[in-house]
Each structure stands twice: as structure tokens, then as C-alpha cells.
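Visitor: I am attaching a structure below and will ask some questions about it afterwards.
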Amino acid sequence: MGFPKPILRTGRPRKMSERTTRAVVRYLLKNRRATAQELTNAVSHISPLHRDTVTKAILRLNFASRIAAKKPYLKPAHELARLNFAKKHEKWTVEDWKKVIWTDESSFEIGKNSRRIRVWRRSYERFHSDCLASTFKSGRTSVMVWGAFCGDLKKCKLILIPKDKRTAADYVKYVYENALSGYYNHAENPSELILMEDRAPTHKSNLPKAWRAAYGMDRLVWPAQSPDLNPVENVWRLMKAWISLQPIPSNEAEMWKLTEAAWERVSGDFLNRLVESMPARMKAVIAAKGGATRW
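When you number the sequence shown by the UniProt record's numbering, it's gap-free, plus one each residue, and the end is 295.
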């Protein structure tokens with residue numbers, strides 16, 4: 001006499017129905033910054049559930065609460081300009097990008113501690129537009145600096161831009177004449193180099209234009225809201241990460257010295273790797289149709 005076969009059991013049914021699960025996902029995709037309690041309240045009319053039950057269901061669907069990546073806000077016009085720029089330079093090689101003088105300004109604030117925003121996203125959605133914490137330019141600053149480097153040259157000296165010296169004439173005096181002119185002429189073939197600058201009003205003023213024309217310096221037309229395409233931004237992040245580990249400076253003079261020390265720590269190998277990443281950055285912008293990238 002054989003033993004009876006065990007009856008297959010389906011197990012205890014989930015507290016959260018498929019209908020409720022779909023409703024939670026729909027609400028979550030429209031409200032990425034919703035708290036777990038808000039998600040629970042949003043479906044309470046379908047099924048009264050505990051917050052923990054909803055949270056577990058979200059995790060099973062591969063969503064997780066993560067810190068939102070900060071990226072500049074992109075309008076459709078910005079995305080189109082970025083896409084056109086990437087397509088125009090898609091065929092550029094690393095050797096082409098090595099002929100670009102990468103420049104940028106950045107502010108270093110004393111004791112800055114930005115608020116972090118959490119969003120619900122899947123592992124591959126970090127740079128989805130709904131999962132970003134948009135950044136906007138701020139007028140606050142402690143010290144403003146200008147830096148530059150080129151693939152075939154050592155990095156330029158870091159320049160401090162005084163608070164009361166921010167006009168176009170000041171920019172020509174403190175940046176162009178004090179640093180860029182010597183850096184540009186130090187190259188073996190300066191005429192082959194091209195200057196990268198963002199679309200800040202100071203760069204577009206008549207005096208800087210006239211100065212660049214006098215030197216015969218070509219300028220790379222840059223799309224707005226595109227710090228992810230400028231490798232100098234990676235240098236700033238590296239410097240700020242190191243500065244954040246140092247004792248907090250008590251005044252601007254100490255902040256300037258600390259910023260100079262951080263600039264000196266940036267290695268040539270790191271800068272070369274940044275330049276070598278440019279072809280991949282162009283492909284990433286095209287893949288994102290002009291949207292934000294991981295860079």
C-alpha cells in the first residue's frame with residue numbers, strides 16, 4: 001500500500017492584492033518622493049494595510065528608497081541642445097578631446113551641508129528625470145576659484161576670484177591675463193587648442209570676446225546646463241570630498257589655502273582618465289536623448 005501524495009499548498013495568501021499592488025506602483029511612479037505612510041494612505045480606500053506591508057511589497061518589486069542624484073534642471077530646449085552637441089562631437093577621438101582646454105569656476109563654501117532628498121526608484125533608475133534632485137545656481141559663496149587643464153599639458157594654476165572683482169574686465173585681468181595667456185602659450189602648438197567655457201554671462205561679454213580674438217583662440221560652443229559634459233566638474237567633486245575631511249576653516253583665507261592644497265593633490269593620471277571618458281559621455285547623452293547622465 002503506497003503512501004498518499006502530499007497535497008500541494010499555495011501558501012498563505014499575501015495581505016496585499018494584485019489590484020492594490022498596481023495602485024501603489026501607479027502612485028509611486030507619479031510621486032517619487034512620497035513617504036511609505038503616504039503610499040499606504042493612497043491605497044487605503046482599496047484595502048486597509050499596515051505601512052510595513054506596503055513597504056515590503058515595494059521592495060519585492062525592486063524599488064528602494066535612495067538619495068536622489070543631484071543634476072541641473074533640464075528643459076526640453078536644454079535636452080535638444082545637449083543632444084545636438086553630442087551628435088556633432090560623437091566621432092571625436094580622445095586625441096581630439098586632448099586639444100581642449102577645460103575651464104570652469106566653482107565656489108567652495110565653509111561648512112556647507114546640503115539637505116538630502118530620498119526617492120523611490122529601481123536600481124537602474126538613478127538618473128531618471130523623476131528620480132533626480134534638481135540643482136539651481138545659488139548666490140551664496142565663500143571663495144570663488146577658476147581652474148583649467150588640458151590633455152597634453154599640466155593643469156593650470158588655480159586662480160582666486162575676489163568677491164568684488166566679478167565683472168568682465170576683472171575676469172580678463174584675473175583669469176585670462178594672469179593665468180590663461182601663459183598656459184595657452186606654453187603649449188607646443190597653441191593654435192591647435194580650443195577653449196571650453198560654459199555659457200556664463202561673463203564669458204560672453206565683449207571684453208573677453210575681444211581678448212580671445214586677439215589671441216586667435218577658438219572657443220567650443222557649449223550647451224547650457226551641461227556640467228556632466230565638463231570633466232572639470234569631476235575635479236571639483238574630488239576636491240570638495242577631500243576638503244570635507246579636513247578641519248573646517250574659520251575664514252576665507254584658510255578656505256583658499258585649503259582649496260589650493262586640494263587642487264595640487266589632483267594627479268595627472270586622474271585628469272587623463274577624465275579626458276579619455278569624453279567619447280563615452282557623448283554616447284551617454286545620445287542614449288539619454290539629451291537627458292541627464294551618470295557623469
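Backbone N, C-alpha and C define an ideal beta-carbon position, used for all residues, glycine too.
Please read these numbers as outputs of a predicted model, since none were measured by experiment.
Measure from the alpha carbon of Ile159 to the alpha carbon of each residue in Trp146, Pro190 and Ala213, then state which is nearest.
Guide: Minimum Cα distance to Ile159 is reached at Trp146.
Visitor: Keeping to the same chain, check which residues put their C-beta closer than 7 Å to that of Thr141; ignore five residues upstream and five downstream.
Guide: In this prediction, Thr141 has a pLDDT of 45, which is less than 50 and means its spatial position is unreliable; nothing more can be read from the coordinates.
Visitor: For Gly147, which residues does DSSP report across the bridge?
Guide: Answer is Asp104, bridged to Gly147.
Visitor: What are the residues that DSSP puts in a beta bridge with Asp52?
Guide: Asp52 pairs with nothing; no bridge assigned.
Visitor: What separation, rounded to the nearest whole angstrom, lies between the Cα atoms of Ala287 and Asn251?
Guide: Cα to Cα, the separation comes out at about 44 Å.
Visitor: Please classify Tyr73 as buried or exposed, where buried requires at least 16 other C-beta atoms within 10 Å of its C-beta.
Guide: Classification of Tyr73: exposed, given that the 10 Å Cβ count is below 16.
Visitor: Quick one: what does DSSP say Arg121 is sitting in, helix, strand or coil?
Guide: In the structure shown, Arg121 sits in a strand (DSSP, three-state: E or B).
Visitor: In chain order, what are the residue ranges of uninterrupted beta strand (DSSP E) at least 3 long that sit wholly in the UniProt domain "Transposase Tc1-like" (22-89)?
Guide: Entirely contained in the UniProt domain "Transposase Tc1-like" (22-89), the beta strand (DSSP E) runs reaching 3 residues are, in chain order, 63-67 and 69-72.
Visitor: Name the DSSP beta bridge partners of Met196, please?
Guide: Per DSSP, Trp102 and Leu220.
Visitor: At the level of alpha carbons, what is the spacing between Arg294 and Leu258?
Guide: So the alpha carbons of these two residues sit roughly 28 Å apart.
Visitor: Alpha carbon to alpha carbon, how far is Ala253 from Tyr183? Give it in angstroms, no decimals.
Guide: Between Tyr183 and Ala253, the C-alpha separation is close to 25 Å.
Visitor: Where do the N-terminal and C-terminal ends of the alpha helix (DSSP H) with Ile159 fall, by residue?
Guide: Not the alpha helix (DSSP H): Ile159 falls in the beta strand (DSSP E), residues Ile159 to Ile161.
Visitor: For Trp222, tell me which candidate among Ala200, Trp236, Glu38 and Lys240 has the shortest Cα-Cα distance.
Guide: Comparing Cα-Cα distances from Trp222 to each of Ala200, Trp236, Glu38 and Lys240, the minimum goes to Ala200.
Visitor: Could you have a look at Ala292 and say whether DSSP puts it in helix, strand or coil?
Guide: In this structure, Ala292 counts as coil in the three-state DSSP scheme.
Visitor: Would you mind sorting Thr20 into buried or exposed? The rule is 16 or more other CB atoms within 10 Å of its CB.
Guide: Label assigned to Thr20: buried.
Visitor: Using the rule of at least 16 other Cβ atoms within 10 Å of the residue's Cβ for burial, across every protein chain shown, is Tyr171 buried or exposed?
Guide: So Tyr171 counts as buried.
Visitor: Taking the C-alpha atoms as reference points, what is the distance between Glu197 and Ala179?
Guide: One C-alpha to the other measures close to 15 Å.
Visitor: Determine the closest residue to Val119 out of Asn31, Ala262, Gln225 and Ser226, with distance taken between C-alpha atoms.
Guide: Nearest option by C-alpha distance: Asn31.
Visitor: What residue range does the alpha helix (DSSP H) around Phe127 cover?
Guide: Neither: Phe127 is in no alpha helix (DSSP H) and is coded neither H nor E.
Visitor: Helix, strand or coil, according to DSSP, for Arg253 in the structure here?
Guide: The question names Arg, yet the displayed sequence has Ala at residue 253. Here Ala253 sits in helix by DSSP.
Visitor: Starting from Ala187, trace the alpha helix (DSSP H) in both directions and tell me its first and last residue.
Guide: Counting along the chain, Ala187 falls outside any alpha helix (DSSP H), and DSSP gives it neither H nor E.
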